[in-house]
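Comments concern the structure below.
2 protein chains.
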Amino acid sequence: MRGYANGEISVSHGEVPADDAVVGGVILGLDGGTTSTVCVCIPASVSISLTDDSAAESIHVLSRATAGCSNYNSVGEAAAKETLTKVMIEALSKAQSSLSAVRAVCLAISGVNHPSDQHRILEWVRDLFPRHVKILIENDAVAAMASGTMGKLHGCVLIAGTGCIAYGFTEDGRKARAAGAGPILGDWGSGYGIAARALTAIIRAHDGRGPQTILTNNILKVLGLQSPDELIGWTYADPSWARIAALVPAVVASAEDGDYVADKILRDSVRELADSVKAVSQRLELCGQDRKSPFPLVMVGGVLEANNKKWDIGKEVIRHVSNDFPGICPIRPKVEPAVGAALVAWNQFHGA
Amino acid sequence: MRGYANGEISVSHGEVPADDAVVGGVILGLDGGTTSTVCVCIPASVSISLTDDSAAESIHVLSRATAGCSNYNSVGEAAAKETLTKVMIEALSKAQSSLSAVRAVCLAISGVNHPSDQHRILEWVRDLFPRHVKILIENDAVAAMASGTMGKLHGCVLIAGTGCIAYGFTEDGRKARAAGAGPILGDWGSGYGIAARALTAIIRAHDGRGPQTILTNNILKVLGLQSPDELIGWTYADPSWARIAALVPAVVASAEDGDYVADKILRDSVRELADSVKAVSQRLELCGQDRKSPFPLVMVGGVLEANNKKWDIGKEVIRHVSNDFPGICPIRPKVEPAVGAALVAWNQFHGA
Numbered sequence: 080m081r082g083y084a085n086g087e088i089s090v091s092h093g094e095v096p097a098d099d100a101v102v103g104g105v106i107l108g109l110d111g112g113t114t115s116t117v118c119v120c121i122p123a124s125v126s127i128s129l130t131d132d133s134a135a136e137s138i139h140v141l142s143r144a145t146a147g148c149s150n151y152n153s154v155g156e157a158a159a160k161e162t163l164t165k166v167m168i169e170a171l172s173k174a175q176s177s178l179s180a181v182r183a184v185c186l187a188i189s190g191v192n193h194p195s196d197q198h199r200i201l202e203w204v205r206d207l208f209p210r211h212v213k214i215l216i217e218n219d220a221v222a223a224m225a226s227g228t229m230g231k232l233h234g235c236v237l238i239a240g241t242g243c244i245a246y247g248f249t250e251d252g253r254k255a256r257a258a259g260a261g262p263i264l265g266d267w268g269s270g271y272g273i274a275a276r277a278l279t280a281i282i283r284a285h286d287g288r289g290p291q292t293i294l295t296n297n298i299l300k301v302l303g304l305q306s307p308d309e310l311i312g313w314t315y316a317d318p319s320w321a322r323i324a325a326l327v328p329a330v331v332a333s334a335e336d337g338d339y340v341a342d343k344i345l346r347d348s349v350r351e352l353a354d355s356v357k358a359v360s361q362r363l364e365l366c367g368q369d370r371k372s373p374f375p376l377v378m379v380g381g382v383l384e385a386n387n388k389k390w391d392i393g394k395e396v397i398r399h400v401s402n403d404f405p406g407i408c409p410i411r412p413k414v415e416p417a418v419g420a421a422l423v424a425w426n427q428f429h430g431a
Numbered sequence: 080m081r082g083y084a085n086g087e088i089s090v091s092h093g094e095v096p097a098d099d100a101v102v103g104g105v106i107l108g109l110d111g112g113t114t115s116t117v118c119v120c121i122p123a124s125v126s127i128s129l130t131d132d133s134a135a136e137s138i139h140v141l142s143r144a145t146a147g148c149s150n151y152n153s154v155g156e157a158a159a160k161e162t163l164t165k166v167m168i169e170a171l172s173k174a175q176s177s178l179s180a181v182r183a184v185c186l187a188i189s190g191v192n193h194p195s196d197q198h199r200i201l202e203w204v205r206d207l208f209p210r211h212v213k214i215l216i217e218n219d220a221v222a223a224m225a226s227g228t229m230g231k232l233h234g235c236v237l238i239a240g241t242g243c244i245a246y247g248f249t250e251d252g253r254k255a256r257a258a259g260a261g262p263i264l265g266d267w268g269s270g271y272g273i274a275a276r277a278l279t280a281i282i283r284a285h286d287g288r289g290p291q292t293i294l295t296n297n298i299l300k301v302l303g304l305q306s307p308d309e310l311i312g313w314t315y316a317d318p319s320w321a322r323i324a325a326l327v328p329a330v331v332a333s334a335e336d337g338d339y340v341a342d343k344i345l346r347d348s349v350r351e352l353a354d355s356v357k358a359v360s361q362r363l364e365l366c367g368q369d370r371k372s373p374f375p376l377v378m379v380g381g382v383l384e385a386n387n388k389k390w391d392i393g394k395e396v397i398r399h400v401s402n403d404f405p406g407i408c409p410i411r412p413k414v415e416p417a418v419g420a421a422l423v424a425w426n427q428f429h430g431a
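Take a look at the structure:
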């Protein structure tokens, strides 16, 4: 791990900051997922100790603001730009700070896949801040990775919430990704992918192309609909991906009740997610040439959340990946991805 | 076949009508696909002979107007309503007729899947016409079926253009459908489905999850893009389904060049389309109890168009369905679906 200056900040999350905490300016970390956007503000001037297990608790989060989706592939450019601006200003306001006090920013947003995406978003926000402010625009996978490794970009992160992506980082700065291309381009392991396949299974059972499934009763009940025919209107009435992904718990419940169709959808999603991790790990040789070297696998997102139920997607993904790469060290982050983004900006500002 | 009054109209398509042709009012037939909308105007008062092979040529189409997509699941309600109104008024204007001269209307529109869809669209158009005018709102499959059987609703129709649907009709008025639930709900046999899977295959090859494929070069070239990463931005920049479906020829070309991935996508689409026809035929027992009785299978849409190339999706679908139902009589309609819709309205008006 790269060296960080010593010193801990012990003010706990959410308290109104002491004046001296922001004397040296502030740093913004933003995590823009497909469902919601979170922005946190941390002090820029102080040093952070990230070398021990208590590091997560030592980070001083001055303020936190939330907003809706900021993936412009999902909500369009105007809405995404407005959301980003609003949530940053709100975080600063809650920290009793201002745009002119910002020293560095890391915006980690789903849908950033190409330098042209970075340029587009940079244009939206460049004029908000003084010219000398360092602004990093990254995929939201960067924030998630950093949240599990306290800022160190090494290993693989798997995000599976409304969308999904696997992102890998080597210690010498190489990167690779798999999936994260959205629902049209085959993110079948995502919450959206799982739920869309469940809805499709209901249609197929209804029109005679597929086996009967208790998904029909379970999902129609959740949605308050009478017949599978009404699903079509429901689906297209609102194109937001998060609305469909919200049906994942009904799919898991159906699988736990012994439904073969639901079980198969979840097993397929596990394979898809594991394949993404394996593709990235292999391309970057994270596992070393013997395929056994240890590397962190940070797991983030509602689909992967640990639970005490029969069907635990995250646990199954770990089992699948471990078969090929026994060295993986699964990490469930103690801080949220927005804090990870702030740590990346902090590193950048301090030249770490 | 139900009886029709004798008498042919021999004025050919597109001519300015003689005044006496519209003395008894006019009938509108509209076919609203996912890519475009066509409205035709035929005379209401005259009788049509539909009992011989020359029937298709005998229909007097007074006028024809075209517009964009009128599926409100794709373009939203306001745009769909405006398109429908505009295209009907244009057709009437071209026929030197008017809304008050309309005697019956059949609007056959993709996305009409439930009585609530019919009520919604009826509300949009009800006030355009005199109260006594019969207005039928149907799925566009009805127009396509009628275009192949000159108005008789019996047999099965398979539409595969941007979207896809199989729709069956028994002589005693029962109906059944399969697929037609749009891209989110598993219409994998559609042009959109084929192209979306091809784009997905490019992403998977690029990030290490799937085999290499010449789809990458062929499709990037068509789109003028440099790298598969740019596909993500391209895909979500414009959510219209027709734009993605337009890539089908590049998939067919890749399969014809021996690409395994493209070939598999087309074979899967054939199976999906054949499964839809089989599900409908079986539920309605169109094939009789011995599964060998003859019934018409009307084939409509760009994906199914006959060609002289190596890969003919329509021919493959017929081959698959014939294996289970040797009695199918494939029909490629001689008139367009909008004329089929007009014939349905004509039948309704004349109580046929």
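Sequence order for the protein chains is A and B. Position in the first sequence (first residue = 1) + 79 = this note's numbering. Position in the second sequence (first residue = 1) + 79 = this note's numbering. Backbone N, C-alpha and C define an ideal beta-carbon position, used for all residues, glycine too.
(message) As a quick exercise: from B/209, B/314, B/181 and B/114, pick the residue whose alpha carbon is nearest that of residue 33 of chain B.
(response) This structure cannot settle anything about residue 33 of chain B, because the visible part of chain B is limited to 80 through 431.
(request) With a cut-off of 8 Å on the beta carbons, I'd call residue 227 of chain A and residue 377 of chain A a contact; round off their distance for me. (result) Along the first sequence, read from residue 1 onward, the residue named residue 227 of chain A stands at position 148. Along the first sequence, read from residue 1 onward, the residue named residue 377 of chain A stands at position 298. Yes, they are in contact, since the Cβ atoms of residue 227 of chain A and residue 377 of chain A sit about 3 Å apart, within 8 Å.
(message) Run through the DSSP bridge pairs and tell me what residue 234 of chain B is partnered with.
(response) As a first step, residue 234 of chain B is located in the second sequence; it is residue number 155 there, counting from the start. B/248, per the DSSP bridge assignment.
(message) I believe residue 399 of chain A touches residue 349 of chain A by the beta-carbon criterion, under 8 Å. Please report the beta-carbon distance rounded to the nearest angstrom.
(response) The residue given as residue 399 of chain A occupies position 320 in the first sequence. The residue given as residue 349 of chain A occupies position 270 in the first sequence. Residue 399 of chain A to residue 349 of chain A, Cβ: 6 Å. Contact.
(request) Mark residue 102 of chain A as exposed unless 16 or more other C-beta atoms lie within 10 angstroms of its C-beta, in which case mark it buried. (result) Working through the first sequence from its first residue, we reach residue 102 of chain A at position 23. So residue 102 of chain A counts as exposed.
(message) For the structure I just gave you, are there three or more beta carbon pairs, one from the segment 319 to 335 of chain B and one from the segment 289 to 309 of chain B, closer than 8 Å?
(response) yes
(request) Hey, could you find the ends of the beta strand (DSSP E) residue 217 of chain A is sitting in? (result) The count along the first sequence starts at 1 and reaches residue 217 of chain A at position 138. That run of the beta strand (DSSP E) goes 213 to 217.
(request) Quick one: which residues of the segment 178 to 204 of chain B get their C-beta closer than 7 Å to a C-beta of chain A? List them in chain order. (result) 192, 193, 195 and 196
(message) If we define contact as Cβ-Cβ less than 8 Å, is residue 171 of chain B a contact residue for chain A?
(response) Within the second sequence, residue 171 of chain B is the residue found at index 92, counting from 1. Chain A contact via Cβ: absent.
(request) Please confirm whether any heavy atom of the ligand ZN lies closer than 7 Å to the CB of residue 149 of chain A. (result) Looking at this structure, you won't find the ligand ZN or any other ligand, since it has none at all.
(request) Step through the CB atoms of chain B and report whether any lies within less than 8 Å of the CB of residue 239 of chain A. (result) In the first sequence, the residue the question calls residue 239 of chain A occupies position 160. Chain B, which has no Cβ nearer than 8 Å to the Cβ of residue 239 of chain A, makes this no.
(message) With a threshold of 8 Å between beta carbons, is residue 312 of chain B in contact with chain A?
(response) Translated into the one-based positions of the second sequence, residue 312 of chain B becomes position 233. So yes, residue 312 of chain B belongs to the interface.
(message) Can you confirm whether residue 337 of chain B, when its beta carbon is compared against all beta carbons of chain A, has any partner nearer than 8 Å?
(response) As a first step, residue 337 of chain B is located in the second sequence; it is residue number 258 there, counting from the start. So, not an interface residue.
(request) Could you pull out every residue in the same chain whose Cβ sits closer than 6 Å to the Cβ of residue 403 of chain A, ignoring the five residues on either side in sequence? (result) Locating residue 403 of chain A in the first sequence gives position 324, where the first residue counts as 1. Taken in chain order, the residues that qualify are 357.
(message) Can you tell me where the alpha helix (DSSP H) holding residue 171 of chain B begins and where it ends?
(response) Translated into positions along the second sequence, residue 171 of chain B becomes position 92. Its alpha helix (DSSP H) spans residues 156 to 173.
(message) So, at 7 Å on beta carbons, what are the nonlocal neighbours of residue 313 of chain A in its own chain, with the 5 sequence-adjacent residues on each side left out?
(response) Locating residue 313 of chain A in the first sequence gives position 234, counting from the first residue. Closer than 7 Å at the Cβ level, and outside the excluded window around residue 313 of chain A, lie 302 and 304.
(request) Answer with yes or no whether the minimum CB distance from residue 282 of chain A to chain B is below 8 Å. (result) Position 203 of the first sequence, counting from 1, holds the residue named residue 282 of chain A. At least one chain B Cβ lies under 8 Å of residue 282 of chain A.
(request) May I ask you to list, following chain order, the residues of the segment 266 to 296 of chain A that have a beta carbon less than 7 Å from some beta carbon of chain B? (result) 275, 278, 279, 282, 283, 286, 287 and 288
(request) Name, please, each residue of chain B whose Cβ falls closer than 8 Å to the Cβ of residue 355 of chain A. (result) Position 276 of the first sequence, counted from the start, is the residue given in the question as residue 355 of chain A. Those within 8 Å of residue 355 of chain A in chain B are 286 and 288.
(message) In the DSSP assignment, the alpha helix (DSSP H) including residue 279 of chain B goes from what residue to what residue?
(response) The residue you call residue 279 of chain B lines up with position 200 of the second sequence. 270 to 286 is the extent of the alpha helix (DSSP H) around residue 279 of chain B.
(request) Could you tell me the distance, in whole angstroms, from the CA atom of residue 107 of chain A to the CA atom of residue 419 of chain A? (result) Counting from one through the first sequence, the residue named residue 107 of chain A turns up at place 28. Counting from one through the first sequence, the residue named residue 419 of chain A turns up at place 340. Approximately 10 Å between the Cα atoms of the pair.
(request) Output, in chain order, the set of chain A residues within a Cβ distance shorter than 7 Å of residue 358 of chain B. (result) Locating residue 358 of chain B in the second sequence gives position 279, counting from the first residue. By Cβ distance, chain A contributes 286, 287 and 288.
(request) Output, in chain order, the set of chain A residues within a Cβ distance shorter than 9 Å of residue 258 of chain B. (result) Taking the second sequence and counting its residues from 1, the one referred to as residue 258 of chain B is at position 179. By Cβ distance, chain A contributes 282, 283, 286 and 288.
(request) State buried or exposed for residue 269 of chain A, treating a residue as buried only when at least 16 other CB atoms are found within 10 Å of its CB. (result) To locate residue 269 of chain A, count along the first sequence from 1; it is residue 190. Classification for residue 269 of chain A: buried.
(request) May I have a chain-ordered list of the beta strand (DSSP E) segments no shorter than 3 residues that lie completely inside the segment 329 to 383 of chain A? (result) 374 to 379
(request) State whether the segment 186 to 197 of chain B contacts the segment 378 to 394 of chain B, with contact taken as three or more CB pairs (one from each stretch) at a distance under 8 Å. (result) no
(message) Ignoring anything shorter than 3 residues, give me the beta strand (DSSP E) runs that lie fully in the segment 169 to 204 of chain B, in order along the chain.
(response) 181 to 188
(request) Leaving aside the five residues before and after residue 335 of chain A along the sequence, list all residues of the same chain whose C-beta is less than 8 Å from its C-beta, in chain order. (result) Numbered from 1 along the first sequence, position 256 holds the residue referred to as residue 335 of chain A. So the qualifying residues of the chain are 388, 389 and 390.
(message) With the cut-off set at 8 Å, would you say residue 361 of chain A and residue 112 of chain B are in Cβ contact?
(response) Position 282 of the first sequence, counted from the start, is the residue given in the question as residue 361 of chain A. Position 33 of the second sequence, counted from the start, is the residue given in the question as residue 112 of chain B. No, the Cβ-Cβ distance between residue 361 of chain A and residue 112 of chain B is not below 8 Å.
(request) Under 8 Å Cβ to Cβ from residue 177 of chain A, same chain only, skipping five residues before and after it: list those, please. (result) By one-based count along the first sequence, residue 177 of chain A stands at place 98. Counting only Cβ-Cβ distances below 8 Å, and skipping sequence neighbours, we find 171.
(request) Find out if the Cβ-Cβ distance for the pair residue 154 of chain B, residue 187 of chain B is shorter than 8 Å. (result) Here the question's residue 154 of chain B lines up with position 75 in the second sequence. Here the question's residue 187 of chain B lines up with position 108 in the second sequence. Not a contact, by the Cβ cut-off of 8 Å.
(message) Under DSSP, the beta strand (DSSP E) around residue 110 of chain B begins and ends at which residues?
(response) Taking the first residue of the second sequence as 1, we reach residue 110 of chain B at position 31. Start and end: 105 to 111.
(message) I need the DSSP call for residue 254 of chain A, collapsed to helix, strand or coil.
(response) Here residue 254 of chain A refers to the residue found at position 175 when the first sequence is read from its first residue. Note: residue 254 of chain A maps to strand in three-state DSSP.
(request) Indicate the three-state DSSP secondary structure (helix, strand or coil) for residue 100 of chain A in the structure shown. (result) For this step, residue 100 of chain A is matched to residue 21 along the first sequence. Below a pLDDT of 50, predicted positions are generally treated as unreliable, and residue 100 of chain A, at 45, falls in that range; no measurement from the model is reported.
(request) Please determine, among B/281, B/143 and B/145, the residue with the shortest C-alpha to C-alpha distance to residue 308 of chain B. (result) Translated into positions along the second sequence, residue 308 of chain B becomes position 229. If we check each option's Cα against that of residue 308 of chain B, B/281 comes out closest.
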